[in-house]
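What follows is a set of notes on a single structure, which appears directly below.
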Amino acid sequence: MHYNNLGKAGLKLSELSFGSWVTFANQVDFTEAKKLMHLAFDHGINFFDNAEAYAHGGAETLMGKVLKDFRREALVISTKIFWGGEGPNDKGLSRKHLIEGTKNSLKRLQLDYVDLLFCHRPDADTPIEETVLAMDALVRGGQAFYWGTSEWSAIQIESAYQIAEKLHCIPPSMEQPRYNLFYRERLEKEYSPLFKKHQMGTTIWSPLASGVLSGKYNQGIPKDSRFAKEPHLIPENLNKQVEQVKELAKLALELGGTVAQLAIAWCLQNPHVSSVITGASHIAQLMENLGALQVKTKLTPEVMKAIHKIMSKEAAY
Ligand SMILES: NC(=O)c1ccc[n+]([C@@H]2O[C@H](COP(=O)([O-])OP(=O)(O)OC[C@H]3O[C@@H](n4cnc5c(N)ncnc54)[C@H](OP(=O)(O)O)[C@@H]3O)[C@@H](O)[C@H]2O)c1
585 MHYNNLGKAG
595 LKLSELSFGS
605 WVTFANQVDF
615 TEAKKLMHLA
625 FDHGINFFDN
635 AEAYAHGGAE
645 TLMGKVLKDF
655 RREALVISTK
665 IFWGGEGPND
675 KGLSRKHLIE
685 GTKNSLKRLQ
695 LDYVDLLFCH
705 RPDADTPIEE
715 TVLAMDALVR
725 GGQAFYWGTS
735 EWSAIQIESA
745 YQIAEKLHCI
755 PPSMEQPRYN
765 LFYRERLEKE
775 YSPLFKKHQM
785 GTTIWSPLAS
795 GVLSGKYNQG
805 IPKDSRFAKE
815 PHLIPENLNK
825 QVEQVKELAK
835 LALELGGTVA
845 QLAIAWCLQN
855 PHVSSVITGA
865 SHIAQLMENL
875 GALQVKTKLT
885 PEVMKAIHKI
895 MSKEAAY
């Protein structure tokens with residue numbers, strides 16, 4: 585396992601990390617969560633991702649129970665604030681919700697601080713200034729070490745940097761974008777000036793496009809899969825994607841790996857990715873996904889060209 589700096593910050597994140605969206609407190613109970621997190625940690629994963637919204641706080645509560653097994657200093661824990669409940673002040677990026685939401689997340693996680701705190705989405709109803717000031721207060725107050733954004737546009741992130749500079753606030757350190765073989769444009773193109781100017785870090789999500797890139801949907805939708813449970817996540821062009829996955833699987837086989845490992849390895853090779861957050865509902869999936877570290881060493885320029893050729897048949901841009 586390699587440990588990357590979070591952009592220009594001193595913090596070291598394992599290049600592969602582990603998240604709890606959809607799985608924790610839904611598909612995964614305490615016993616299974618404990619097994620998954622120990623397996624991840626034993627293989628060098630130090631970064632675990634969460635959000636106040638996941639299972640309405642249930643994912644944080646579950647993760648918090650398992651976190652007790654580890655030395656706090658050995659871990660990097662993140663949570664994300666935006667969707668905290670139904671009331672008018674239970675969501676968004678107002679000073680009130682950011683500070684109350686973080687307090688509630690810490691209580692569920694049974695922690696004094698998180699390492700990374702994200703604004704889970706942009707909030708059109710709150711001035712970015714108010715959000716920057718609240719995140720600055722949370723970092724200075726010790727509830728988080730670094731703050732960042734998730735799924736903000738480059739313009740919104742740049743604006744946060746400028747406001748932070750003007751107000752002498754702590755600027756964001758990272759963004760959490762979706763990034764996988766089907767969804768590349770934002771990280772590779774839109775964010776490019778932010779990497780040059782601010783050396784922003786990224787912790788990317790859905791490296792397997794919710795499982796499509798594991799090949800599990802090649803013959804339809806298995807009963808116990810994410811798409812069976814959450815049909816609203818099924819992409820419109822699933823059939824087209826499956827055709828590409830079948831091609832990628834042949835390439836992966838030639839490299840002695842699986843298509844899931846190839847897809848995750850492809851995310852790992854991007855120098856602007858600080859950590860690839862994987863998800864798993866079963867131990868066997870996590871074991872397989874950890875094998876991406878070996879496949880990464882086989883991504884020669886020729887292999888990258890072959891991947892590009894397969895993907896450009898239905899380019900994302
Ligand atoms: N910031 C944000 O807005 C945001 C959004 C989404 C996620 N995230 C974070 O990123 C993490 C990862 O995202 P993700 O869960 O979408 O990642 P993903 O790797 O694209 O999908 C994970 C899911 O795919 C299936 N899977 C994983 N490995 C597999 C394998 N080897 N073989 C077959 N199936 C496999 C499992 O689902 P089934 O077994 O149920 O089919 C698993 O839960 C989340 O847990 C969360 O922490 C952040």
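When you line the sequence shown up against our numbering, it's residues 585 to 901, in that order.
Each residue gets a CB set at the ideal place from its N, CA and C atoms; glycine is no exception.
Where does residue i fall in DSSP's three states?
i, result
"Gly732", "strand"
"Asn802", "coil"
"Val857", "coil"
"Ser662", "strand"
"Ser604", "coil"
"Tyr775", "coil"
"Ser743", "helix"
"Phe811", "helix"
"Ile712", "helix"
"Met758", "strand"
"Asn673", "coil"
"Asp720", "helix"
"Thr862", "strand"
Once the 5 residues before and after residue i are set aside, which same chain residues still bring their CB inside 6 angstroms of it?
i, result
"Gly603", "Asp633, Ile861, Gly863"
"Asp699", "Val660, Ile661, Phe729"
"Asp613", "none"
"Asp674", "Gly668"
Cβ of residue i within 7 angstroms of any heavy atom in ligand 1?
i, result
"Arg810", "yes"
"Gln760", "yes"
"Asn873", "yes"
"Trp605", "yes"
"Trp789", "yes"
"Ala728", "no"
"Ser865", "yes"
"His704", "yes"
"Gly795", "yes"
"Ser689", "no"
"Ser858", "no"
"Gly664", "First, the amino acid is wrong: residue 664 is Lys here, not Gly. Lys664: yes, Cβ under 7 angstroms from ligand 1."
"Asp633", "yes"
"Asp839", "The sequence given here has Leu at residue 839, not Asp. Incorrect: Leu839 has no Cβ contact closer than 7 angstroms to ligand 1."
Here's a check: name, in chain order, each residue in its chain whose Cβ is nearer than 8 angstroms to the Cβ of residue i, leaving out the five neighbours to either side.
i, result
"Asp707", "Phe666, Gly676, Leu677, Ser678, Thr715"
"Ser809", "Gly795, Lys800, Tyr801"
"Pro777", "Ala738, Glu742"
So, at 7 angstroms on beta carbons, what are the nonlocal neighbours of residue i in its own chain, with the 5 sequence-adjacent residues on each side left out?
i, result
"Met895", "Leu765, Gln828"
"Glu872", "Thr842, Ala844, Gln845"
"Leu797", "Asn764, Leu765, Val829, Val843, Ala844, Ala847"
"Gly591", "Ser757, Met758, Gln783, Met784, Gly785, Ser858"
- prompt: Is the number of C-beta pairs between the region 840–851 and the region 750–768 that are closer than 8 angstroms three or more?
  reply: yes
message: Does the structure place the region 690–707 close enough to the region 730–749 that three or more beta carbon pairs sit under 8 angstroms?
response: Result yes; three or more Cβ-Cβ pairs closer than 8 angstroms.
message: Would you call the region 744–754 in contact with the region 676–685, where contact means no fewer than 3 C-beta pairs closer than 8 angstroms?
response: Verdict: no, contact absent.
message: With a threshold of 8 angstroms, are at least 3 pairs of Cβ atoms found where one atom belongs to the region 585–603 and the other to the region 863–879?
response: yes
message: Under 8 angstroms, with one C-beta from each stretch per pair, do the region 753–760 and the region 827–843 reach the 3-pair mark?
response: Judged by Cβ distances under 8 angstroms, the region 753–760 makes no contact with the region 827–843, as fewer than three pairs qualify.
message: Could you check whether the region 768–785 touches the region 820–830, counting it as contact only if at least three pairs of C-beta atoms, one from each stretch, sit closer than 8 angstroms?
response: The region 768–785 vs the region 820–830: no contact.
- prompt: Counting Cβ pairs closer than 8 angstroms, one from the region 883–893 and one from the region 636–649, do we hit at least three?
  reply: A contact is defined here as three or more CB-CB pairs under 8 angstroms, and the region 883–893 fails this definition with respect to the region 636–649.
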